[in-house]
Structure formats: C-alpha cells, structure tokens
Amino acid sequence: LGSSPLKELFLWQLIDQIGRSSEPQSQDALHGRSAILRCELSGPEDMRFWWTQDGRRVQDSNRRFQEGSNLKFTAVDRHADTGSFQCVASSSSTGETVTSANASINIKWLERGPITMNEPASEAELEEAERIVLQCHIDGHPRPSSKWFKDGAQLDRKDRILTLTNLSTGDSGIYSCCAQNAAGKVCSNHNITLNIFDKSVPRVLVAPVDQVVLRNEEAVFHCQFRAKPPPLIEWFHDAEPVLNKSRTVCLIPSSSLFALRVSKRSAAVVCVSVEIADMGERLWRVFSAGRGERVRCDPPRGQPEPQVWWERAGARVASEGRVHQRDGDLIFSPTDRSDSGVYTCVARNTAGQKQQELVVTVATSPEWIVQPQDTHVEEGQPGFLHCHARSTPEPRVTWYRKSVPITEEGSRYKLFSNGTLRINSAEVNDAQTYSCVCVTQAGSLSAHARIHILEKLKFTPVPQPSQCLQLDRESSVSCVAKARETPIMHWSRADGADLPSHASQMNGALRFSTVTRADGGNYTCVASSSVQGEIRAHVHLTVGVHVEFKLEPEQTTVYQGHTAVLHCQASGDPQPYVQWMLKDKLLSSSSSSRSMPNGSLVISNVTTEDTGVYTCIAGNTCNIRDTAAQLYVVEKPVHPRSEDEDKSQFKMFQTIALSVAVAVAYIIAVLGLMFYCKQRRKSKRLQKNRAGGEPETECLNGVQLNGHRVSEIHEEVALSSMRPSADSEKQQSCGDELHFPRAHLQTITSLGRGVFGEVFLAKARAIEETEPETLVLVKSLESREETHRSEFRRELEMFSKLNHAHVVRLLGICRETQPHYMILEYVDLVLNTFKCFINSMQQSRLCLNVFGLCLQAGTLRLSPPVNCPAHVCSLMSHCWASSPKERPTFSEILQILTDSPADTKV
1 LGSSPLKELF
11 LWQLIDQIGR
21 SSEPQSQDAL
31 HGRSAILRCE
41 LSGPEDMRFW
51 WTQDGRRVQD
61 SNRRFQEGSN
71 LKFTAVDRHA
81 DTGSFQCVAS
91 SSSTGETVTS
101 ANASINIKWL
111 ERGPITMNEP
121 ASEAELEEAE
131 RIVLQCHIDG
141 HPRPSSKWFK
151 DGAQLDRKDR
161 ILTLTNLSTG
171 DSGIYSCCAQ
181 NAAGKVCSNH
191 NITLNIFDKS
201 VPRVLVAPVD
211 QVVLRNEEAV
221 FHCQFRAKPP
231 PLIEWFHDAE
241 PVLNKSRTVC
251 LIPSSSLFAL
261 RVSKRSAAVV
271 CVSVEIADMG
281 ERLWRVFSAG
291 RGERVRCDPP
301 RGQPEPQVWW
311 ERAGARVASE
321 GRVHQRDGDL
331 IFSPTDRSDS
341 GVYTCVARNT
351 AGQKQQELVV
361 TVATSPEWIV
371 QPQDTHVEEG
381 QPGFLHCHAR
391 STPEPRVTWY
401 RKSVPITEEG
411 SRYKLFSNGT
421 LRINSAEVND
431 AQTYSCVCVT
441 QAGSLSAHAR
451 IHILEKLKFT
461 PVPQPSQCLQ
471 LDRESSVSCV
481 AKARETPIMH
491 WSRADGADLP
501 SHASQMNGAL
511 RFSTVTRADG
521 GNYTCVASSS
531 VQGEIRAHVH
541 LTVGVHVEFK
551 LEPEQTTVYQ
561 GHTAVLHCQA
571 SGDPQPYVQW
581 MLKDKLLSSS
591 SSSRSMPNGS
601 LVISNVTTED
611 TGVYTCIAGN
621 TCNIRDTAAQ
631 LYVVEKPVHP
641 RSEDEDKSQF
651 KMFQTIALSV
661 AVAVAYIIAV
671 LGLMFYCKQR
681 RKSKRLQKNR
691 AGGEPETECL
701 NGVQLNGHRV
711 SEIHEEVALS
721 SMRPSADSEK
731 QQSCGDELHF
741 PRAHLQTITS
751 LGRGVFGEVF
761 LAKARAIEET
771 EPETLVLVKS
781 LESREETHRS
791 EFRRELEMFS
801 KLNHAHVVRL
811 LGICRETQPH
821 YMILEYVDLV
831 LNTFKCFINS
841 MQQSRLCLNV
851 FGLCLQAGTL
861 RLSPPVNCPA
871 HVCSLMSHCW
881 ASSPKERPTF
891 SEILQILTDS
901 PADTKV
C-alpha cells in the first residue's frame, strides 16, 4: 500500500485496537519486586542504546542492568531507583542521537514500626494525665490507611495518631495498629499497654496504722484519699460515726484523727471516704402506644449506697397509677401518646446527688400527607416522585425499584429527607413502577407510582459515519430511530441526486440489490416526526471487497537456529495491509524477522523466545480480520552414530560422488551432441546449396533459418534426447498423478537459494501411503527467466522417469499457483553437503543436476564448452579417467568447486 491514506487509516484502526508505545512509560512497582522499562525504536541496525537517571548514565549491576534496549530491575529499591529515567539511542552510521521522554517508577512500599506515646511524656504521668496521645509509626508510599485496635477489637479511628480524652477505666488495654496500601498490609511490631484508673474512685494514699498507747494518753491516726473531685472522709469508732463535738477526739482538717485521751483497753477506728459516681449520659427509648413498658434505674456506685427515684418536670413520679415507679423502675401500663417526654432518674447520698435523663417517645403509625402519583417525564430531564407522611417519630422513608432499594450511589438518584425521590436524568429504562414505604415502630405505609418516559426523537443507534459496501453483492445500510410516535425514515444522496434504480428503502434500511462502484458517496438519513421535528445522520459509503484469507498460517515446528516461515495471504479491495502480532505487540522488520510483500513472515535464526502464537492481521477500509498459528521452536535432537550408520554414510557419499560425475558427463554429452548436430546440419545445408543453388538464410541472432528460429532448433535438439515416447495426453496424466496440494506442505526451515529460487525443508502430509507425515526437500521456481523455467521443466521430466534405490525420488509437484514447487525425497545425511553444492552451483552458474542421475561415464571425449573455466575442464578430464582409482572422490570435487572463484562472465 506504500504510504497511501488507506495504509494510514488501517494502521490507526489497528493501533486503536491493540495499543502501542515506543517510548518508556512511567509505571508502578513494588519495593523489592522486579520491573522493566521498555524502549523500542525503529532505525538503522547499528543503533546503540543506553539509559540515564536524572541525567547520569545508568551503570549495570546485579540488581539493575540493561537487557537489549530495555532497562531491567530484578529488585526495585525505593532509595536508589527514584528520579527520572531516559532512554538514549544513537546510530554510529548517521551520528543521530534520540532521547526519549522522562519516565519514572512510582515505587510502592510499606514498612513496619512501633507504637509510641507522645503525651504524656512517660507512663508515670498517666495517673495525672487528662488525655493520652499515641502514634503509629508504620510508614509507606502511597500513604497507608491506619486502623487502631484495643485488645484485638477495631476502634473507629483511621489516623496515624490516636488521641484519648475523658479517660476512664474502659480505656485500659493493649493498643496496636495496622496499616495498608497498594504494597500490602502490616501491623505494628511493638504495642503499648495502658492502665487507666477511674479518678472519681477514691484511692488510699495514707492508711491508719495500729498503735499501742498508755491509757489516758494521746493517739493520732492519719488517713488520706485521692479522687476527683476530692472525696469526703468520715471516721467511725466501734461502728459509730466520730463527731468532732466529743471531748476525747478531735478531727483535724487534714483528715487525721487526734484522740485526746484513750480510756479503753482497745478500740476499732475506721476511716471511710464518702463518694457518689456519675450516672452516665442521656438515654433514649421509643415505645409503641398501648403497650406495657418498664425502664430500670440502677443506682450509681457510692459510699454510703445512694437512694434512687424517678422525676418528671421536677416532681417525683407517683408510686401508683398508669405511670408509676417501684424499686427504681419506671413503669408504663400501658403507654400513651401523652407519655412522650423527659424523665429523670435521681440518686443521692451524703456525698451529694447525681441524675440521668431518659427521653421517652411513644411512636404512632404514619399518616399520608402526599402520596406518590404516576408521572410523565421527558427523556434526559429530571423527574420527581413525592412521598410525605407524618408520625411520631418522623417515619423512615425507603424507595424501591423492582423490589430493590434505591440508593444514591452512582449519582442516578437523589433522596431528600422529606421522602422525595429525584431521577437526575431520566432514561428509557426508567419507565418502571416505584414503591414508597414509610416505617415507624408503630406501623408502616406503602404506595406505588409509575413513571412514563416521553422519548425524544433519536437514532438507535446512530449510523456509523463511514461504512463499506461489498462490490457485486447485495448490501444494506440500516438507520433506526425512536420517538413518542413512530418516526418517518427517508434516505437521500447528499449531492441531491436520485437514488439508483437498484436501490430501495424500507423501514429505514437502504438496500442495494447489486452494489456497483457508482454507489459510493455521501448519503443522508432523515428521521422526522410531526410532533418532535426531524433529525439527520450523514453516512459516507465506500464500495470495496471485504478482506478474505487466501492462505492462513499453520502450526509450525522449527529447530532452534533455523529459519521459520509463516504464510499469510489475504485478498480484498482495496488491497489489504498485512501486519503480524506476537504477545499483543505488533512486529516490525528487524535483523531476525521480516514481513514479505506477499504477507508471509520470515524469522531467521529462531530461538526458544520466538515460541508463541503469531497473529496475522489483514485489513482495509472495509474490515479487519485476523488469524493465528502456533510456532514451536525445539532443539535439534542429537543421535549417536553407530557403526552401521557410518558404513551407510560412506556408501551414500559414494553414490553422490558417482551421481556428480555422471551429471557432469551427461551435461557435457548433451552439449557435445548439440554441437555435433549443429555442425552436421550445417554441412548438409552447404552440400544442398552447392547442388541446388538455394540461398542461405541462416542468421545467428534470431533471424529465421529455413523457416525456423535458431532458438527453436536448439530447443528441439536439447529435448530430443529427453522426450518421452508417449503422447501429450500421457504426459498430462503423469503430471496429474504427481500433483500434491500446497496446503498439505508445512515449512520447517530454509536451506538456501539456487538458480531457480528458494530451497527449503518441509513436512508433507500423506505424500507417502505408509506415513502420515514425510520429511521432504522442496525446490521452488521463482525465476521469471524463460531459460530457467525451461530447465526446471526438463528436470521435472527427468526425475519423473528415474526410479532407483540409490537415487532421490520425485514425490510430487505443486503447480496450482506461483511459485511452482518440486517435492523431492529428503536424505538427512547429505543435507549439509547438498546445501554447499547448491551454493557452488549458483556461483559457477553450471547447469548441473545431482539429484538422481545414475549413468556410466563413457569413453567419449568432448571438446570443452565455450567460456568453460580451466579448473572445470581439468575436473572433467579427471572424472573421465578410465581407472576408478584415478577419478576424484566426491569430497575432492566438492572442495574444488567450493574453492573456485566466482566468475561473473561464466
């Protein structure tokens, strides 16, 4: 396709499907894991690559090194691999240097750490602390999200710092943290334990100590408690409170007891702290009307034990009636709407008074204010459904669509607190029945409403702006539209011309009975409605032929180091552009692989890395198609040679040497016979001219000679010795018998090129009756020169007649398409020798056939052909030696031909 717009269009379509980047791209990587920065650039074969990091050249190491043109990391390091990387390519032949755009590695990492206490400064200060601040030292990139745990239970805190205020004994426990990001999840490696004391609970600082004193002497007892607020302290003597009014005792403000005179032999003195604890926060209760309910008021901790009772609006609740209290319980028997309100539980002792509030709500069944109604909504516009009800407390409203609760996720819907549902942008599939449910503890209400969507005039779908019609086929272009009422569809040409006679339109479809080249152009589809107006869609139609594969690649197995060929041929109009893809990546021409003009892919010197599924993609402006085949690259098996194999090889070399000698003799004999016949015919003409006096009309440069051309005479002489005795019909039947389908050939590797064309090794399916697959040698006729094509046909005729155990056999012919193939029996032991011989034949340009001649050299001595090199003449003379011992061996012949210099004049 060259650089035509068709090729560019196909490439853009292909790139859009599979994606491709030639410059290194920034990427994410985990610390300690492998990564690779890729750099791909097409250019001269001498292109050199290197990498820089922040402007400095990257040096190879065991951890980070250059692999081809790519930079590979076996273990990414978050400290050493930060910064910007660039790929630099330089050509030594052109001197040009290209630098890629910056690429970086976003290294993700996560590192464990301990928990520390930032406040207070030490654990000794915990007792007096008003708050505690803990910090989780787990760090990473991206910044990890943290979770806190106390005694294994997760806390509702997600910051790295945990602050505890309003400390209580419930805050005591073992604190740990865990963090998570894209690099993984870890937990703290050192946790912290907190022991929190209830400051409202008095703790003994100084306890009274037993004393022994003389009667009527003084005794002093010390007693101190700590609490917030400071506690009240009382002294008891023999279970009786000690009063300061007694003459024998004196209470000191520092909570000490001073006994003025001890009268009894022994006495028990007790120091007690008076306290009352808090009762907690406000409580909430919701009751259904008409049911019996009971709420317990537990007395708080205190010394002495507090008394409790219930109050409402500052007055004690009665001990009898529908609402009363008994033993600290608030009893409703039954509940009524009027019972809603605030109740207070009061506790009191000598240390003071505490209270706790209870908010009671008596629920009622919901009643409708606004029920949802059926609604018509314009497509693309917002729609509303209202659902309003009243009750005590406010009802909980839930909307359902097809029995599925509606949420605000995805921004399709909006739920308002008053029960209204909004559909943000109505679509056709929103035409459903919606349910509204209002629920309280006392009961529920439900209602249903349907939304009807008023469709706008639109194409469904919008016609593709560029479409292709199959040439000489029946094709159609569809155009469908929807509206509130069925729209009228009409096609027309954009230039105003009438539609061709073979085109018709029905229900929006423009149909061509037989597509012609003139049908290409710009067309307009119009959809109109009497209520909603009209809309238009413009379509450009291209006439062509869809891509079809003529030859698809097949599964191929190739030995490592050989050449693999995958065939792929496609037809279409415009001519398809063919690309190959491996592992989701387009293949470009390189030193090891190239795409041939006919679409085939040739991979030289294959390695195990070339194993994979190769996809052939062919496309034009009409369509894109692909087909795939598996390529296996295996190591060539090495078989130890036995004594018998060595003998058979020696015999084979003898056979080949004899074949080469006979071939040389045969060619020389043919050339001699041609020269002899020419001289004899010339002599007869001269005699005839002398006798009859007829003019001589010979011309050596293609002029007629007695009604014949010289080239025709030579052709007749050359073929006279090889022409079969059967007629032409028998020759045709022989060619049909040797015909072999080209699709049953599977190429393994290329062996080289000869005079006719490429010679390759292949597998032939069922070419031998006794074997499902046979290894064969294939010669292709790629040359366009008539002499080569004539020689190829002669060689086919020769092989078709030969049948000997020591001569290579002709197994088949492929002539249905170009190039023609000659399929020969494969002999593994002489493969390398044969390849060398092909090269030597190509250099010296001798028309020698060594595939299967088995003739005896005669005693005829011919003069050397014109322009025959001296070393070839000498070789012929040695081959004609009467004694076999004097004749050169095949190895000697091969060495002589290999060492012969190439002569372009031969």
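Numbering (UniProt numbering), first residue to last: 1 to 906.
A virtual CB, placed ideally from N, CA and C, is assigned to each residue, including glycine.
Since the structure is predicted, the reported quantities are computational estimates derived from the model, not experimental observations.
Next item on the list: Grab me the residues of R473's own chain with a C-beta within less than 8 angstroms of its C-beta, minus the 5 sequence neighbours each way, in chain order.
Entry: T514, V515
Item checked: Nearest-angstrom Cα separation, counted from M279 out to P304 -> 16 angstroms
Check: Any chance the segment 610-622 sits against the segment 573-587, with 3 or more Cβ pairs inside 8 angstroms?
Finding: yes
Margin query: Between which residues of its own chain and E886 is the CB-CB distance below 6 angstroms, once the five residues before and five after are set aside?
Written below: none
Checklist line | CA-to-CA distance, L810 to R511, given in whole angstroms | finding: 55 angstroms
Checklist line | K185 to L110 span [Cα, whole Å] | finding: 8 angstroms
Item checked: N-terminal and C-terminal residue of the alpha helix (DSSP H) that T817 is part of -> Here T817 belongs to no alpha helix (DSSP H), and DSSP marks it neither H nor E.
Checklist line | For S446 and D336, the rounded distance between their alpha carbons | finding: 25 angstroms
Margin query: What residue range does the beta strand (DSSP E) around A762 cover?
Written below: 758-765
Next item on the list: Closer than 8 angstroms by C-beta to L848: which residues in its own chain qualify, once you throw out the five before and the five after it? Chain order, please.
Entry: Because the pLDDT of L848 is 36, which lies under 50, any placement of that residue in the model is unreliable, and the question is left without a value.
Checklist line | Limits of the alpha helix (DSSP H) - the one that C873 falls within | finding: 870-879
Margin query: So, does the segment 743-752 touch the segment 790-804, judging by three or more C-beta pairs under 8 angstroms?
Written below: no
Checklist line | Contact set for Y559: own chain, Cβ-Cβ below 6 angstroms, skip 5 residues either direction | finding: K636
Next item on the list: Can you give me the start and stop residues for the beta strand (DSSP E) that S466 sits inside?
Entry: 466-470
Notebook entry, point to check: Leaving out five residues before and five after V359 in sequence, what residues of the same chain have Cβ atoms less than 6 angstroms from its Cβ?
Noted result: W284, V342
Check: What are the boundary residues of the alpha helix (DSSP H) that includes T787?
Finding: 786-801
Check: Could you give the distance in angstroms between the alpha-carbon of V545 and the alpha-carbon of G533?
Finding: 38 angstroms
Check: In chain order, what residues of the same chain lie with their CB nearer than 6 angstroms to the CB of Q505, ignoring the 5 residues before and after it?
Finding: W491
Item checked: Same chain, Cβ closer than 7 angstroms to Q25, neighbours up to 5 away in sequence not counted -> A103
Checklist line | Spatially closest choice to N867 from T817, A766, A80, L671, by CA coordinates | finding: L671
Note to self: Considering only the alpha carbon of each residue, which of K801, R815, K779 lies closest to Y826?
What the structure shows: K779
Next item on the list: Could you check if T407 is buried or exposed, using at least 16 other CB atoms within 10 Å of its CB as the buried criterion?
Entry: exposed
Notebook entry, point to check: Does the Cβ of I406 lie closer than 7 angstroms to at least one heavy atom of the ligand MN?
Noted result: Among the components modelled here there is no ligand, and therefore nothing to report on the ligand MN.
Checklist line | For T460, the nearest candidate out of N605, V428, S530 (CA to CA) | finding: V428
Margin query: Which residue wins for smallest C-alpha separation from G32, given the options T350, N166, A75?
Written below: A75
Next item on the list: Can you give me the start and stop residues for the beta strand (DSSP E) that E367 sits inside?
Entry: 367-370
Note to self: Could you give the first and the last residue of the continuous alpha helix (DSSP H) run that contains residue 924?
What the structure shows: Any answer about residue 924 is impossible in this case: the structure gives the chain only from 1 up to 906.
Next item on the list: Report back the beta-carbon spacing between A481 and L454 to the nearest angstrom; my notes put them in contact at under 8 angstroms.
Entry: No, A481 and L454 are not in contact; Cβ-Cβ is about 15 angstroms, not under 8 angstroms.
Notebook entry, point to check: E534 by DSSP, collapsed to three states: which one?
Noted result: strand
Margin query: Taking the beta strand (DSSP E) that C345 belongs to, which residues open and close that run?
Written below: 341-349
Notebook entry, point to check: Sorted by chain position, which residues of the same chain lie with C-beta nearer than 7 angstroms to P574's C-beta, five sequence neighbours on each side aside?
Noted result: L6, G544, N620, T621
Next item on the list: Look at the alpha carbon of A80 and the alpha carbon of S34, and state the distance between them as a whole number of angstroms.
Entry: 14 angstroms
Notebook entry, point to check: If you follow the beta strand (DSSP E) that H141 is part of, which residue opens it and which one closes it?
Noted result: 139-141
Next item on the list: Could you name the residues of the same chain whose beta carbon sits closer than 8 angstroms to that of S683, not counting the 5 residues immediately before and after it, in chain order?
Entry: none
Margin query: If the criterion is Cβ atoms closer than 8 angstroms, does the pair residue 916 and G520 meet it?
Written below: Outside the shown range of the chain (1 to 906) lies residue 916, about which nothing can therefore be said.
Check: Between R84 and Q59, what straight-line distance do the alpha-carbon atoms span, to the nearest angstrom?
Finding: For the sequence presented, residue 84 should be read as Ser rather than Arg. Taking the straight line from one Cα to the other gives about 15 angstroms.
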